[in-house]
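Engineer: Residue numbers (numbering that gives the first Met the number 0), protein chains in the order written: chain A, 0 to 405; chain B, 0 to 1109.
Note that beta-carbon positions come from the ideal geometry of N, C-alpha and C, so glycine has one too.
Here the structure is a predicted model, which is why all the values come from computation and not from measurement.
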Amino acid sequence: MDNSMLKYFKTIGEIQGTIANATTLEEALQGGLKVIVESAGAAGGAIWYADKAGDGALHPYFWIGPVDLTRRSHAPGDGSVGRVFESQRAERLFEFDATQDVETAIDFMGMPVTSMVCVPFSSQTEDLGVVQFVNRADGGSFTDEDADVMEIMAMMAAIAVEENEELAAPWQPGEVVMELRDITREFQNGETVTKVLKGVNLDVYEGEFLALLGESGCGKSTLLNIVGGMDSATSGTFTYLGRDLSSASQDELTEFRRANIGFIFQSYNLMPNLTAVQNLDLIGELVDEPMDADEALEVVKLSDRKKSYPSQLSGGQQQRVSIARALVKNPKVILADEPTAALDYATSIEVLQALEEVVRGGTTMVMVTHNEEITRMADRVVRMRDGRMHEVTVNRHPAHATDLVW
Amino acid sequence: MKPTQVKELFANIRKTFVSFFSILMFVALGVGIFLGISWAGPALQNAADNEFDKGSLHHFQIQYPYGLTDDDLTKLAKVEGVSDIEPTRQSFQTATILGVERTVKVQTLTERIDVPDVIEGELPSSPNEIALNEVAAINVGCNVGDTITFIEDGNAGGDDDPSALLAQPADTAVGESEGAGTVDKDGMKYLNGSTYKVTALVKSPEYVARASATYGLSTSPTGSIDLLAWVPAEAFDASAFQNGYPVVDVVCNSLTGLATFSDNYKKASSELEQGITDVATDLANARFEDLHGQAGKKIDDAQQQLDEGKQKIADGEQQLADGRAELESKKAEGEAKLAEGYQTLMYYEGLKKEGEAKLAEGRATIAQAEGLLAEADKAKAEISKISSDASDFKKDQDAKLAEKKITQEEYDANLDAYGSDVTDDLKEYADKVGIPVPVIDHTNFNEALEVANEITAHFEEFPVTFQGETMTLAQARVRLAEGRQQLADAEAQYNEAVPKLNAGWAQYYAGWDELNRLVAEGEQKLADGEAELAEAKEKVAENEPKLEKAKQRFASMKQSRCAVMSRSYNTGAAQVSMFSDITSNLSFSMAALFIIVGLLVSYFAVSRIVHEQITQIGTKKALGLRSREITTSFLAYSAIAVVAGAIVGTIMGILLVEGIIGRVFSGMFAFGGYPPYFGVPLFFVVVLLELVLVLGATYLACRRILKEHAVELLKGEKPPEGKTRFYEKWDLWDGLPLFIQTIVNNCMNDRRRVLSTIVGVAGCTALIVTAITLNDNVTKSYDRHYETVYGFNAIAYVDAKTDGAADEVEKALEQEGYTATPVLRQRFILTQPDGNRGAIRVVVPSDESKFANSYHVNPVSGNEFDPSSDGVWVSQAYADHFGAKVGDILTFEDADGRMYEAPISGFHEFWLTYHEAVMGRDAYKNLFGEDAVPNVVLVDVRDADLQDVAQRLESVNGFHSLADDKTSQHSAFETFSKVSGAVVLIYIALSTLMAIVVLLNLNVMFIEEKKRELIVLMINGFSVKDARHYISYDNIVLTAIGIIVGMLLGCIMGSITVATVEPSTSVFLKSPDGLAIGVGIVGSAILAIIMSLIALRRVSNFKLTDINRF
């Protein structure tokens, strides 16, 4: 048995194991796609799901790669994905010419497609959608061998669907609040240039809870800094509600933060010499129509400690005050950077409950975390790796804070 | 420490260089200021010593008003320890230089001791050459080659300083008397000449201070000395000094190698002084006995001479009366004789006139007769002529006829006609003698000739009438001859008589002349006699009171103190010593502040480093390093900073502080150089002290942290503990704006920063306030004096010997509309409670009611001024510096060394730089035994031009000069102002340095500490401006508190500093100074704002992404 066959069977086994261990269909599909993408050496991959109960178009269900396909959809017949869904025949575009197939080329917005394989994703009873693999990670082109494996794996994934319940309806995002395109961020240290973000394309939608997940140094905090107006991208564009802030001045960014953004820090960063309510008042005074500080404290259930100084509060309470401080400005977006990292489990749950309350109130939240469990609360989870978005998951059923266990 | 720990130590220094530099700088500032100012005094002393050594300044100066003789000098030279002596004489002269009268102190040009150093020209080599003090010469406008002529009002006299005041007093010098044995002398007699050529400009080790006030006091009415001069010894008239030397300079080899201001010198000098004093006193006593005996003898001689003179006057008066009577008698006799002669002469004058009349009559008669005869002769000639003409006519006619030029008829006719005329002519004469004359015609024409001849022949018979008598011409001729003879006789007689008469007259006038000459001669003799008598009387009148005065003085002639003055009595040395003390005192007060602030800076800097490295320290502890080893590292850190700071500070102290003060001193003293001073012992003491203090602060800063367990330290810096304070429970608190609550809580929770900021700002403020308080209060003391004490600004000097001079000057000034008050103003030596001798001025009002207008005796303790009291009111400095109390005895010493004691009745407000005592006239008389004759008039000329006023007073009898007292006193304050000005400069420079090092550092540290909070706020939407404001509120409040604290501290330090610079003669204002406070507030605020603004620039450079680092 040659190596390719060995790899083939090994991958099959992994897919079976992933699916078998998955608790939900979504989990099974996500796990399966990951195995396939990694085994095939693809740079990106996506499962497109046909919303037959809705608009009939194909919507991204789960994808891997440095792109945000959330709002992308294909009508049957449009582009490679549409065509494969309609024909139920795989397309092997090993040497893809974007100029020849624009519709297909923009599937992975911001990610130039040079090699692509699309295979139908169908159960025995119905056509579910399309599985799309884009570019080889090593820069080369897919081969027939790769395509064969992809097709088989897609079939195996489809089997998993049959064995589980029906897929949930596609997630309907709100209006785009923030839009990041090809965002890069480089840091110069002497003669060494470190590229922390290498081209991020991401949209943040109104009212969503977006979790940024990744290992240390993957660029998630840098990304949060940019969307928070604390830092500017080296290249690319960042717009907020359609306003381009890519080259905004410091004063403009200050105004942006003042009026629109609430921040929650890992280490709370409360003013140590101010009481809880004073901390809120200090920030509340920056905007014309702030939330009442007492009300904000009520949201985080700390009304009774409003005259306490930070040092008189526990870590969880301090972080809740921090959340209230973020809330008090009535911001459009709250950015939270590892808000529970310094807290124990029970306290973290308290804080997450407070955050859940905030999101429930309709505030958009972007949270950086390295805690996988917390991402279950998010509407979307963006996994970052090496300065790029690695994969994006849309939680069809976000968990409650109290459901989280780690 | 192990090698790696040393490496880590230096790495730590690099990393925390700002903190390291702060400690270093403050150590440098403290050390630099302390050493710089401390060494400024020794540097000054060294410079002075160099000057003293160069010119061989005397180690002792013996001053004895009666002078020591050559024999005395020989004995003095043998005193143990004395290596060399050199006597000098001195005299005060007045010279008009560039139109201004200048008082010149002329001294003997010495050869070995107190040798003037030639700056320009050559030292005088002949008695009519003179050398001048360079500084004074430039001031008065004299130079080499000029000629100085002394006017005759010089005197040998004393100085204002203790030594000079003992110089030969004019009124006790036993000099040559002019018959009455008087002790007074005319100044010019002290010098043999009056005109001197300036050959050199010099500087003398005896006068190193530049201010003319240090030259001493002269005996001129103004008391000042404008110019110092040296002449060869032979220029002085030794006899005027009774062959004595009022001043003797002494050098002792054992003192030569010692520094003048050192304790060793003082000790050695003190030991020698006693021996010299003993011998000098014995010699002075002997000298006094000798002079006293001479004076007594001279007074006796003078009395005898006076008595003899009186007798001679009486004799002379009698002789004069006799002479006058004899003269009158002889004059009358002569006049009588002359009158008789006159009558005789007048008789002969009558005869003479009579003779002259007769002669005139005779001469007229003869003239008349001669006239008649002349007429007769004329007639005779005419007859001849008629005849001759007729003859000629006949011949002419005949010739014509013969030549037939005429016809006969014509011939006849012509003859007829002519004949007719001749007939008429002849007939006039022929009738007188009775000769008939025919009618003449051509027929008898020749007859006519005959008739004519006949008439001529009878001519002498012609009748003439002479004096009524008719006679012939011949008779008349006889009579004429007789008359002529008689006239000739009369004339001869007359001519003989007239000379005799003239001779008589001549004799008469000669008689008068002789009489007048004799009378005049007699009168002259009488006048001469009278003049001689008057002169004699005048001399008697003049000398009699002199003799009486001399007798009185002789009766009161007492021994004067023979003063042996060590170098400390030299005005230059005294000034050097005083300013050394002042700078020394300043060094402590100034350095204290820097040491305190430096300690705080060290404490906070190390504390911050420790807190910053808390995790690192925890790690080290966890890895097994002992607390002691970690502490050693921090101590080594501080020690390096201290040592480096000490070195930097020492260099700064020498170059900057010593340099600045040295420049000030250079303006005050005429030194050749001002070499910097470095004192090893003090350097090590200061470095050691700084090390102990800073290492102590370092230990305190890290002690608490190092006590913690490693596990606690590894948790990192704990946030400040907030706690609810009592005031937060007040309703008022909730009503306060958030920023106020924030400021209060920030301050309450960060006491370290609060304290350090307040100390920093307070330090800056205190420095500025202190410096300006010092400077301004010194100046204000002067102003205050002329506002509250002296109601006058000028002093009119009058000649006290001129009766009523002060009153006349006062009257003249009052007529000009000025407030004027005559007083006696006199200087004495004061024996101070500390045993030293100083000077004091005594003021005695002549009219108490007017005095109050010009001089306000404001008691600060004791009784109100009472002119009838026996006590004296002394300037407040005497109480402040010597602890004197009311009831204590004040001991005066006059120029002759006589001592007087008076009780102190009170201390009065006085701000000038000398002691002054006020007493009533009775008290003065009781104390000194003589009336207080006013010698000056205190006058407030307001803004009037002094020269104009003085010019108008020129005509007032006894007026000498008008001096601008206010301006002249200002020069003394200028000296202090120069020092305090340098201090201000240093203080403000240091204040700025402190602001930079402390405030900037604190601000930067504060901002760095607050960086996290600020970034959080900026992330939340605070603009850079908002963030700056947020952080500035605290600073504004702390700066304000710091300024207030600094203001109070500055006022206290200012007061202390003022007290430290006060010389023992002065008290300066020590009250808080508005200007100082104002400048302190503004200056500190500006510095604080600048430093804050510089530090706040960092806020704009904050990277918000750094929030991820915290």
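Inspect the beta-carbon positions of ALA804(B) and ASN956(B) and report whether they are closer than 8 Å.
Structural biologist: Yes, these two residues count as a Cβ contact at 8 Å.
Engineer: Using DSSP's beta-bridge definition, name the partner residues of SER234(A).
Structural biologist: SER234(A) is bridged to THR183(A).
Engineer: Using the Cα positions of ILE1106(B) and VAL1015(B), report the straight-line distance between them to the nearest angstrom.
Structural biologist: If I take the Cα positions, the gap works out to 7 Å.
Engineer: Count the other C-beta atoms from every protein chain shown that fall within 10 angstroms of the C-beta of ASP775(B), then say buried if there are 16 or more, exposed otherwise.
Structural biologist: Per the 10 Å Cβ criterion, buried.
Engineer: Would you kindly check if the distance between the Cβ of VAL600(B) and the Cβ of ALA981(B) is under 8 Å?
Structural biologist: It is not a contact, given that the beta carbons lie outside the stated cut-off.
Engineer: Give the secondary structure of LYS6(A) by DSSP, where H, G and I count as helix, E and B as strand, and everything else as coil.
Structural biologist: If DSSP states are grouped into helix, strand and coil, LYS6(A) belongs with the helices.
Engineer: Give me the chain A residues within the contact set of VAL737(B), using Cβ-Cβ distance strictly less than 9 Å, ordered along the chain.
Structural biologist: The sequence as given places Leu at residue 737(B); Val does not occur at that position. Going along chain A in sequence order, the residues near LEU737(B) (Cβ under 9 Å) are LEU273, GLN277, ASP280, LEU281, GLU284.
Engineer: Between the region 841 to 853 of chain B and the region 922 to 935 of chain B, are three or more C-beta pairs nearer than 8 Å?
Structural biologist: Touching, per the Cβ criterion.
Engineer: Evaluate TRP729(B) with the Cβ neighbour count: other Cβ atoms within 10 Å of its Cβ, from every protein chain shown; 16 or more gives buried, anything less gives exposed.
Structural biologist: Exposed: under 16 other Cβ atoms inside 10 Å.
Engineer: What does SER231(A) reach in chain B if we use C-beta pairs closer than 9 Å?
Structural biologist: Neighbours of SER231(A) on chain B: none; closest Cβ ~10 Å, over 9 Å.
Engineer: At which residues does the alpha helix (DSSP H) containing ASN134(A) begin and terminate?
Structural biologist: That residue, ASN134(A), is in no alpha helix (DSSP H); its beta strand (DSSP E) goes 126 to 135.
Engineer: Since ASN224(A) meets chain B, which of its residues come closer than 8 Å, beta carbon to beta carbon?
Structural biologist: Neighbours of ASN224(A) on chain B, chain order: LEU1103, THR1104, ASN1107.
Engineer: Give, in chain order, every unbroken run of the alpha helix (DSSP H) that is at least 4 residues long and sits entirely within the region 338 to 385 of chain A.
Structural biologist: Correct list: 344 to 359.
Engineer: Could you give the DSSP three-state label for PHE668(B): helix, strand or coil?
Structural biologist: In the structure shown, PHE668(B) sits in a strand (DSSP, three-state: E or B).
Engineer: Start and end of the beta strand (DSSP E) containing TRP872(B)?
Structural biologist: Here the beta strand (DSSP E) through TRP872(B) covers 871 to 874.
Engineer: What are the boundary residues of the alpha helix (DSSP H) that ASN45(B) is part of?
Structural biologist: Taken as a continuous stretch (DSSP letters only), the alpha helix (DSSP H) holding ASN45(B) covers 16 to 53.
Engineer: How about ALA700(B) and TYR602(B): are their beta carbons less than 8 Å apart?
Structural biologist: Yes; because the gap between Cβ atoms is below 8 Å, this pair is in contact.
Engineer: Check the Cβ of GLY648(B) against every Cβ in chain A and list those closer than 7 Å, keeping chain order.
Structural biologist: Those within 7 Å of GLY648(B) in chain A number zero; the least Cβ separation is about 38 Å.
Engineer: Is ILE373(A) close to the ligand FAD? I mean its beta-carbon at under 7 Å from any heavy atom of the ligand.
Structural biologist: The model on display carries no ligand, and the ligand FAD is accordingly not part of it.
Engineer: Can you grab the Cα-Cα spacing for the pair LYS265(B) / ASN835(B), in whole Å?
Structural biologist: Answer to the nearest angstrom: the Cα atoms are 14 Å apart.
Engineer: Looking at the unbroken beta strand (DSSP E) that takes in ILE84(B), where does it start and where does it end?
Structural biologist: Here the beta strand (DSSP E) through ILE84(B) covers 83 to 87.
Engineer: Pick out the complete alpha helix (DSSP H) segments inside the region 280 to 347 of chain A, 4 residues or longer, and give them in chain order.
Structural biologist: Counting whole runs of 4 or more residues, the region 280 to 347 of chain A contains the alpha helix (DSSP H) stretches 292 to 298, 314 to 326.
Engineer: Please classify ARG951(B): does DSSP put it in a helix, a strand, or coil?
Structural biologist: Note: ARG951(B) maps to helix in three-state DSSP.
Engineer: How would you write the range of the alpha helix (DSSP H) that TRP732(B) sits in, first residue to last?
Structural biologist: Start and end: 730 to 734.
Engineer: With the cut-off set at 8 Å, would you say GLY482(B) and THR364(B) are in Cβ contact?
Structural biologist: Yes, they are a contact pair.
Engineer: Find out if the Cβ-Cβ distance for the pair ILE35(A), MET154(A) is shorter than 8 Å.
Structural biologist: Not a contact, by the Cβ cut-off of 8 Å.
Engineer: If the cut is a Cβ gap below 8 Å, which residues of chain A does GLN740(B) touch?
Structural biologist: Ordered by position in chain A, the residues that pass the 8 Å Cβ test against GLN740(B) are LEU273, GLN277.
Engineer: For a test of the three-state rule: what should DSSP assign to GLN825(B), helix, strand or coil?
Structural biologist: It is a strand residue.
Engineer: Smallest Cα separation from VAL1104(B): which of ASP230(A), ALA247(A), VAL404(A)?
Structural biologist: The question names Val, but residue 1104(B) in the sequence shown is Thr. Ranking ASP230(A), ALA247(A), VAL404(A) by Cα distance to THR1104(B) puts ASP230(A) first.
Engineer: Got a sec, what are the start and stop residues for the beta strand (DSSP E) ALA793(B) sits in?
Structural biologist: That run of the beta strand (DSSP E) goes 793 to 797.
Engineer: Are the C-beta of THR253(A) and some C-beta of chain B separated by less than 8 Å?
Structural biologist: It does: the Cβ of THR253(A) has a partner Cβ on chain B nearer than 8 Å.
Engineer: If the criterion is Cβ atoms closer than 8 Å, does the pair PHE958(B) and LEU28(B) meet it?
Structural biologist: No, the Cβ-Cβ distance between PHE958(B) and LEU28(B) is not below 8 Å.
Engineer: Report the three-state DSSP secondary structure of TRP47(A) (helix, strand or coil).
Structural biologist: Three-state DSSP puts TRP47(A) in a strand.
Engineer: Closest to GLU90(A) by CA distance: which of LEU326(A), PRO111(A), VAL116(A) is it?
Structural biologist: Answer by Cα proximity: VAL116(A).
Engineer: What residue range is occupied by the uninterrupted beta strand (DSSP E) comprising ILE839(B)?
Structural biologist: First-last of the beta strand (DSSP E) with ILE839(B): 836 to 844.
Engineer: Can you tell me which of the three DSSP states PRO64(B) falls into?
Structural biologist: Strand.
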